[in-house]
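Report on one structure; see the data block that follows.
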Amino acid sequence: MGRALVSVDNVYANNLGTFEKIINVVLPVEYEEEFFAEAVDDSANGVFYSQLAYYGEIAIGAVKARLIANKNGGVLPAGVYIEVLAVLAAYRGKTAGSLLLNYIEEKCRESFQHDLYVHVATDNQSAIQWYEKKGFVKEGEVLENYYKDTTASKDAFVYKKSV
Ligand SMILES: CC(C)(COP(=O)(O)OP(=O)(O)OC[C@H]1O[C@@H](n2cnc3c(N)ncnc32)[C@H](O)[C@@H]1OP(=O)(O)O)[C@@H](O)C(=O)NCCC(=O)NCCS
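Numbering (my numbering), first residue to last: 3 to 165.
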């Protein structure tokens, strides 16, 4: 059975390599192996939401978010945190990013969370514009040295959307 032109689907052990590859190709940050494993590991230390986006049968985008339920009085405010959202450059502007974001917003509602957060490198102007268009608003001060292992800016803005 064919897929709709752009669609999203779960990440499984057998396509985890594709998920990892897309994120590594698109984003300048170096992530640990464990970061990717969390996407398919039900026993991981935390609750994660992840999806792959497809153009036909070709995987072109990926998202991974973390739920901070904050039942135990943690430091971070409760909400869902988008850790990575990436679409291969050649396939941008075809709605894959929107579908991946919609999926996370849906998970946010399902988990009774109202705040969706994302950290964006201060020099990533196109992503900043994209998130603002999607209703995210800059919150608080610049987080200095937020990204450790990156070839782009180490500083990040926090953006928040109420869902
Ligand atoms: C941000 C990103 C995920 C968006 O993905 P995408 O698949 O291009 O997004 P969509 O096609 O769903 O975007 C649709 C909207 O963005 C607009 N858009 C299209 N191409 C765009 C571009 N190159 N830059 C900014 N906005 C664009 C469209 O007009 C559309 O607006 P609408 O919803 O009002 O109609 C993608 O550009 C990306 O991977 N960027 C690099 C990685 C990154 O910086 N990620 C964020 C940090 S985690």
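We treat Cβ as the ideally placed atom computed from N, Cα and C, and that holds for glycine.
- Only residues of its own chain outside the window of five on either side were considered, and among them Val10, Asp11, Asn12, Val13, Asn17, Thr20, Phe21, Ile24, Ala61, Gly63, Ala64 have a CB closer than 8 Å to the CB of leucine 54, listed in chain order.
- Between the alpha carbons of lysine 135 and serine 100 lies a gap of roughly 11 Å.
- For tyrosine 149, no beta strand (DSSP E) run applies, since DSSP gives it neither H nor E.
- Per DSSP, leucine 54 lies in no alpha helix (DSSP H); the unbroken beta strand (DSSP E) holding it starts and ends at 49-57.
- Linking threonine 97 to valine 8 through their CA atoms gives a straight-line distance of about 7 Å.
- Cα atoms of lysine 140 and arginine 94: separation of roughly 23 Å, rounded to the nearest angstrom.
- When the beta-carbon positions are compared, aspartate 125 and alanine 154 come within less than 8 Å of each other.
- Set against 7 Å, the gap from the CB of glycine 63 to the closest heavy atom of ligand 1 is smaller.
- With respect to the 8 Å criterion, glutamine 115 and leucine 87 are not classified as neighbours on the basis of their beta carbons.
- Using a 10 angstroms sphere on the CB of serine 52, the tally of other CB atoms reaches 16 or more, which defines it as buried.
- Going by DSSP, leucine 103 is part of the alpha helix (DSSP H) stretching over 98-112.
- In this structure, DSSP gives tyrosine 14 a state outside helix and strand, which the three-state scheme calls coil.
- Leaving aside the five residues that flank valine 165 on each side, the residues in its chain whose CB is nearer than 7 Å to its CB run, in chain order, Glu107, Cys110, Arg111, His116, Leu118.
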